[in-house]
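Chemist:
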Amino acid sequence: MAYCDRCSRWFPHDRALEQHEEDSPYHWRCDNCDMDFGSFRARQQHYRDSRRHYYCDEHDTHFDSEAHLKRHYQRSADHDYCATCESHFDDNDDLWSHFKTNHHACHECFKLFNTRDELRKHDRDVHTYCTDCQQTFMNQNNLKQHLLSNYHNPSTLTCPGLNCNRSFSSSARLMLHLESGSCPSGMTRKELDRRVVGADRNNVITNPSRLLCGPSGCEPPVTTRVWATARSYNGESYECFLCHATYRTLAALTSTFRAHATRAGSTGVPSRIVAKSLSR
């Protein structure tokens with residue numbers, strides 16, 4: 178005889194008791210662990226907690242190994258699962274938010290990256306996309322111009338000029354400001370060159386062969402400005418007295434004069450002589 182404590186019933190032999198436990202709604206057996214539970218929920222909880230079971234609660238399915246169970250989580254559309262963190266989420270929106278926040282996920286191809294810098298490079302090279310601004314550009318050139326903007330390159334270089342409080346995002350822009358003559362300090366390109374030559378005594382950034390040296394030291398060569406005047410007007414147009422070409426505007430003639438001055442300098446004739454001739 179065999180007795181069922183839960184149901185308070187006798188059975189003629191052990192096989193009959195086993196059949197009773199399989200068929201009865203009051204018995205929920207785990208054959209792998211040889212354990213009997215009082216409800217379906219209790220057995221499910223056992224499956225989830227036991228290290229001997231690789232069980233998907235959602236589909237009430239067992240797997241041979243933990244790797245197979247995780248693969249199921251990743252591939253099934255019913256599971257919003259992060260394999261890296263081994264965490265489940267309520268829905269796909271929560272999962273995607275987790276990916277973007279913790280795993281640097283690409284918004285286009287859903288690839289995950291180890292660092293945000295790796296994601297930025299991927300977005301730039303593959304999608305012409307600015308990760309920080311969440312903005313897509315038509316081509317690489319447009320993206321490059323955007324990345325060079327003040328938003329990505331804050332103005333951290335302050336002009337050292339007296340009475341000037343302007344800031345710039347790069348040393349090149351600061352130099353353009355100083356050379357342009359627009360700095361309130363009165364700095365010009367000529368004065369800047371003179372100071373650089375004076376400070377660079379070991380010729381680290383200057384070339385001695387291109388400097389004019391005298392008793393007072395070396396300084397950059399003087400740059401002569403050339404321009405045309407109304408005296409070049411012949412009654413019909415503005416005429417270049419060197420090549421006798423005619424132009425409708427003074428600006429066009431000035432460009433020609435400067436070209437002549439440059440060529441004269443390259444052949445050994447000082448440009449200041451050409452400039453003097455052009456001003457007659």
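First residue of the sequence shown? That's 178 in our numbering, and the numbers climb one at a time after it. We treat Cβ as the ideally placed atom computed from N, Cα and C, and that holds for glycine.
(1) State the Cα-Cα distance for the pair H299 and A254, rounded to the nearest angstrom.
(2) Less than 9 Å between the C-beta atoms of T335 and S346, yes or no?
(3) Assuming the contact rule is C-beta atoms closer than 8 Å, R228 and C210 should be a hit. Round their C-beta distance to whole Å, please.
(4) Taking just the CA atoms, how far does Q221 sit from R183?
(5) How big is the Cα-Cα spacing for Q312 and Y328?
(6) Could you tell me which residues DSSP puts in a beta bridge with S332?
(7) In the segment 314–387, which residue ranges form an unbroken alpha helix (DSSP H) of at least 4 residues, counting only runs that do not cross its ends?
(8) In the DSSP assignment, find the beta strand (DSSP E) that holds F290 and state where it starts and stops.
(9) How many angstroms separate the CA atom of K453 from the CA atom of A405?
(10) Can you pull the DSSP bridge partners for Q312?
(11) Going by DSSP, name the residue or residues bridged to W205.
(12) Taking Cβ positions, are D234 and R248 nearer each other than 9 Å?
(13) Looking at E416 and A407, is the spacing between their C-beta atoms short of 9 Å?
(14) Give a yes or no on whether the C-beta atoms belonging to S326 and C341 are separated by under 9 Å.
(15) Is F290 near H281, with beta carbons less than 9 Å apart?
(16) Helix or strand or just coil, what does DSSP make of Y231?
(17) With DSSP as the reference, please indicate the residues paired to S414 in a beta bridge.
(18) Give me whichever residues DSSP pairs with R186 in a beta bridge.
(19) Where does H421 sit, in a helix, a strand or coil, going by DSSP?
(20) Quick one: measure Cβ to Cβ for H265 and H275, integer angstroms, because I've assumed they're closer than 8 Å.
(21) Quick one: Cα of C307 to Cα of W273, how far?
(22) Is it buried or exposed, T431, if we count other Cβ atoms within 10 angstroms and call 16 or more buried?
Modeler: Quick look at the numbers:
(1) Answer to the nearest angstrom: the Cα atoms are 27 Å apart.
(2) Using a Cβ distance threshold of 9 Å, T335 and S346 do not count as a contacting pair.
(3) Actually they are not in contact, since the Cβ atoms of R228 and C210 sit about 11 Å apart, beyond 8 Å.
(4) Their Cα atoms are separated by approximately 19 Å.
(5) Taking the straight line from one Cα to the other gives about 13 Å.
(6) Answer is none; S332 lacks a bridge partner.
(7) Those alpha helix (DSSP H) runs which fall completely within the segment 314–387 and span 4+ residues are 317–324, 348–356 and 366–376.
(8) Taken as a continuous stretch (DSSP letters only), F290 belongs to no beta strand (DSSP E), as it is neither H nor E.
(9) Because the pLDDT of K453 is 41, which lies under 50, any placement of that residue in the model is unreliable, and the number read from its coordinates should be weighed accordingly. Approximately 11 Å, taken between the alpha carbons.
(10) Bridge partners of Q312: C307.
(11) As a beta-bridge residue in DSSP terms, W205 pairs with F214.
(12) Not in contact: D234 and R248 (Cβ atoms no closer than 9 Å).
(13) Cβ atoms of A407 and E416: not closer than 9 Å.
(14) With contacts defined by Cβ atoms closer than 9 Å, S326 and C341 do not form a contacting pair.
(15) In contact: F290 and H281 (Cβ atoms closer than 9 Å).
(16) In this structure, Y231 counts as coil in the three-state DSSP scheme.
(17) Per DSSP, S414 has no beta-bridge partner at all.
(18) DSSP output for R186 lists C181 as bridge partner(s).
(19) H421: coil per DSSP, three-state reduction.
(20) Actually they are not in contact, since the Cβ atoms of H265 and H275 sit about 11 Å apart, beyond 8 Å.
(21) Taking the straight line joining both Cα atoms gives about 19 Å.
(22) Of the residues assessed, T431 falls on the buried side of the cut-off, its CB having 16 or more other CB atoms within 10 angstroms.
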